[in-house]
Amino acid sequence: MRDGLLQGRPELSLAIAELEDPDQTEVLSSLDKGMLRRINNDYVGSNQIFEVAKQEIEKLYGVSITENLAAVTINETLRGYEGDYYEQLLLHAYMAMNYIQLGQVDGARVEMLQANVKMMEWGDEPEEDAFSRYLEGLIFEHLGEQDSALISYRKAYIVYKEKGGEQYPVAPLGLKKDLLRLLAAQRLWGEYKSYKKEFNMAKYKPVKTSKKFGELVVILNNGLAPIKSETAIPIFSTEVQQNLRVAFPIYRQAKKRLYTPKISVNSKRYSMETVEDIDALARYSLAQAMPGIMLRATARAIVKYNAQHSAQESSALAGFLMTITNLVTERADTRSWATLPQAIELKRIRLPVGEHEVQIQMHNATGQLVDVIHENVVIKPRQSSFVIKHWNAPVPKLTQVATQ
9 MRDGLLQGRP
19 ELSLAIAELE
29 DPDQTEVLSS
39 LDKGMLRRIN
49 NDYVGSNQIF
59 EVAKQEIEKL
69 YGVSITENLA
79 AVTINETLRG
89 YEGDYYEQLL
99 LHAYMAMNYI
109 QLGQVDGARV
119 EMLQANVKMM
129 EWGDEPEEDA
139 FSRYLEGLIF
149 EHLGEQDSAL
159 ISYRKAYIVY
169 KEKGGEQYPV
179 APLGLKKDLL
189 RLLAAQRLWG
199 EYKSYKKEFN
209 MAKYKPVKTS
219 KKFGELVVIL
229 NNGLAPIKSE
239 TAIPIFSTEV
249 QQNLRVAFPI
259 YRQAKKRLYT
269 PKISVNSKRY
279 SMETVEDIDA
289 LARYSLAQAM
299 PGIMLRATAR
309 AIVKYNAQHS
319 AQESSALAGF
329 LMTITNLVTE
339 RADTRSWATL
349 PQAIELKRIR
359 LPVGEHEVQI
369 QMHNATGQLV
379 DVIHENVVIK
389 PRQSSFVIKH
399 WNAPVPKLTQ
409 VATQ
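And the structure:
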C-alpha cells in the first residue's frame with residue numbers, strides 16, 4: 009500500500025486499499041483508506057471513512073472477555089485494534105483538516121472539541137497531543153475565538169516544553185510568537201512579560217492587524233511513519249524451568265532523514281518548523297507499551313507450553329501438532345496506521361491581501377531541489393488561508409528504471 013506513495017502514485021495506493029475490508033469494519037483499513045482519500049483530494053470521502061473508524065474505535069472500548077482471552081492465549085492480533093492514543097487524536101486532527109479544506113471550519117472546530125473530550129477521558133492527567141492543541145488554536149483563531157485560541161496555544165506550549173525532545177520536537181518559534189501575540193492583544197501583560205523572558209525574546213514586538221493583510225498557514229505532511237516488524241527471543245521461565253520463545257514488535261529501521269521544505273512566495277523564502285514528530289511518538293508509544301507486551305507474551309508462552317506438554321503426554325503426534333500450532337500462532341502485533349506521515353511541519357506567513365502563488369520546495373540532504381508543490385492562494389483581510397499538503401520522498405532514478 010505504501011509503495012504507491014513512495015513512487016509518487018497515491019492513486020495506486022488508494023486503488024489497492026479500496027479493495028480491502030469491503031464491509032468497512034476494521035479500524036486500520038478505514039484509517040488508511042481515509043488518509044489515502046485525503047491525499048487524493050477526496051476530503052468528503054475521507055471523512056466518511058474516518059467516521060467509520062471513529063465508530064469502530066468506540067465499539068472496541070467495550071472489548072469482549074472472549075477477545076481478551078484469545079489475545080492472551082493465542083496472539084495479540086486477535087484483539088481488535090483501536091489505535092494508540094496519538095493515532096486516535098490524529099484521526100480527529102485529519103478530519104478537522106479535511107473540513108478546513110472543504111471550507112467548513114465550524115466542522116473542524118467540532119472535531120477538535122471531540123478530541124479534547126477524548127483527552128479528558130483518558131485520566132486525571134489528560135494524554136495531550138501538541139499538534140492537536142496547536143491546530144485547535146489555529147481553528148479557534150480563524151473563527152475569531154481568541155480566548156479559546158490562547159488557551160489552546162498555552163496547552164500546546166506546555167506539551168512541547170514538558171515532552172519536547174523525546175515525544176515531541178522543541179516548542180516551535182511560531183507557537184511562541186502566537187502565544188505572545190494573543191497575550192498582548194488581550195493585554196495580559198504580566199503573563200506576556202513572563203513568557204518573553206522564558207522564551208528569551210526580549211526584542212519581540214507583536215505585529216498589529218491590518219485590513220490590508222491576511223495570513224497564509226502552510227501545513228506539510230512530510231514522509232511516512234515507521235512500520236513495525238516482528239522479532240522473537242528465548243526467555244527463561246522459572247515457572248516451567250524452560251526457555252520459551254516469545255515474539256514482540258520492534259522498529260528495525262532507524263529514523264529516516266526527511267527532505268527539507270522551503271516555502272517561496274513573493275520572491276521570499278521561509279523555513280518550516282516541525283510541529284509533530286510522528287516517528288518519535290510511535291517509537292515512544294511502543295517503548296511505553298513494551299513491559300506489558302512482554303508480560304503478556306511470556307504468559308501466553310507458558311500457557312502454550314503447558315498445553316504442548318499435556319498433548320505430548322497424550323501422544324507423540326498430538327505433542328508434535330501442538331508444537332507446530334504454537335510456532336505458527338505466536339505472532340507479534342505489528343499493526344499501526346501505516347499511511348501517517350513521519351512528521352508534520354507548519355509555517356504562518358503574513359501576506360498582503362490578494363492572490364499569491366505559493367511554492368513548497370523540497371530539498372534533499374545536499375540542498376538540491378528535488379520537487380516543487382505549486383498552489384495559488386487568495387489572502388483575505390485579517391483571515392487565515394490554509395494550504396495543507398502531503399509529500400513523500402521520490403524513488404531514486406535508478407530504481408525507477410529498474411522497475412519499468
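FYI, the numbering used here numbers position 144 of the sequence shown as 152, with every residue one higher than the one before it. For every residue, glycine included, the Cβ atom is placed at its ideal position computed from N, Cα and C. These figures come from a predicted structure and were not determined experimentally.
Check                                                                                                                                                                                 : Outcome
May I ask you to list the residues that DSSP assigns as paired with S392?                                                                                                             : E223
Measuring only the C-alpha atoms, how far is W399 from G231?                                                                                                                          : 6 Å
Could you check what DSSP says for E136 in three-state terms: helix, strand or coil?                                                                                                  : coil
Give every residue of the same chain whose Cβ lies closer than 8 Å to the Cβ of E363, excluding the five residues on either side of it in the sequence, and list them in chain order. : N384, V385, V386 and I387
Relative to the alpha-carbon of S21, which residue among S393, P30, G42 and L354 has its alpha-carbon at the smallest distance?                                                       : G42
Counting only the same chain and skipping the five closest in sequence on each side, list residues whose C-beta sits under 8 Å from that of L377.                                     : Q369, M370 and H371
Would you call the region 297-310 in contact with the region 196-211, where contact means no fewer than 3 C-beta pairs closer than 8 Å?                                               : no
Can we say the region 53-62 touches the region 9-25, given the rule of at least three CB pairs closer than 8 Å?                                                                       : no
Which residues bound the alpha helix (DSSP H) around A104?                                                                                                                            : Y93 to Q109
Should the region 267-280 be called in touch with the region 206-218, which here means at least 3 C-beta pairs below 8 Å?                                                             : no
Based on the DSSP output, what are the partners of N3 in its beta bridges?                                                                                                            : As displayed, the chain neither begins before 9 nor continues past 412, which places residue 3 out of reach and without an answer.
I need the boundaries of the alpha helix (DSSP H) containing I241, first residue and last residue.                                                                                    : Segment S237 to S245 is the beta strand (DSSP E) holding I241; no alpha helix (DSSP H) there.
Taking all protein chains shown into account, decide if Q96 is buried (16 or more other Cβ within 10 angstroms of its Cβ) or exposed.                                                 : buried
What does the alpha-carbon distance come out to for the pair Y278 and S272?                                                                                                           : 6 Å
Just mark N274 as buried or exposed, buried being the case when its beta carbon has 16 or more other beta carbons within 10 Å.                                                        : exposed
Comparing alpha-carbon positions, which option in P349, F148, K163 and L158 lies nearest T128?                                                                                        : Looking at the sequence itself, residue 128 is Met, so the reference to Thr does not match. Cα-wise, what sits closest to M128 is K163.
In this structure, does DSSP put D186 in helix, strand or coil?                                                                                                                       : helix
State the DSSP-derived secondary structure class of E199, mapped to helix, strand or coil.                                                                                            : helix
On the criterion of 16 or more Cβ atoms from any shown chain inside 10 Å, does G152 qualify as buried, or is it exposed?                                                              : exposed
Does L151 come out as helix, strand or coil in the three-state DSSP assignment?                                                                                                       : coil
Check whether the Cβ atoms of T342 and K276 lie closer than 8 Å to each other.                                                                                                        : no
Please report the distance separating the alpha-carbon of A326 from that of K312.                                                                                                     : For A326, the pLDDT reaches just 49, beneath the cut-off of 50, and the residue's location in the model is therefore unreliable, leaving the point undetermined.
Cβ of V225 within 8 Å of Cβ of R141?                                                                                                                                                  : no
Spell out the partners DSSP gives L39 in its beta bridges.                                                                                                                            : Its beta-bridge partners do not exist; DSSP assigns none.
For A164, which of helix, strand or coil comes out of DSSP?                                                                                                                           : helix
In chain order, what residues of the same chain lie with their CB nearer than 7 Å to the CB of L44, ignoring the 5 residues before and after it?                                      : P18, S21, L22, A25 and T347
Quick one: Cα of I47 to Cα of A123, how far?                                                                                                                                          : 22 Å
S37 to E144, Cα distance in whole Å?                                                                                                                                                  : 26 Å
Cβ of L39 within 8 Å of Cβ of G182?                                                                                                                                                   : no
Which value, in whole angstroms, describes the spacing of the CA atoms of V167 and E84?                                                                                               : 31 Å
Starting from G115 and walking both ways along the beta strand (DSSP E), at which residues does that stretch end?                                                                     : No beta strand (DSSP E) holds G115; the alpha helix (DSSP H) holding it covers V113 to E129.
Do Q112 and I396 have their C-beta atoms closer together than 8 Å?                                                                                                                    : no
What residues are listed by DSSP as bridge partners for D287?                                                                                                                         : Answer by DSSP bridge pairing: none, since D287 is not bridged.
I'd like to know whether the C-beta atoms of P177 and D287 end up nearer to each other than 8 Å.                                                                                      : no
Would you report the Cα separation of A192 and Y69, rounded to the nearest angstrom?                                                                                                  : 43 Å
The beta strand (DSSP E) spanning S279 covers which residue range?                                                                                                                    : K276 to S279
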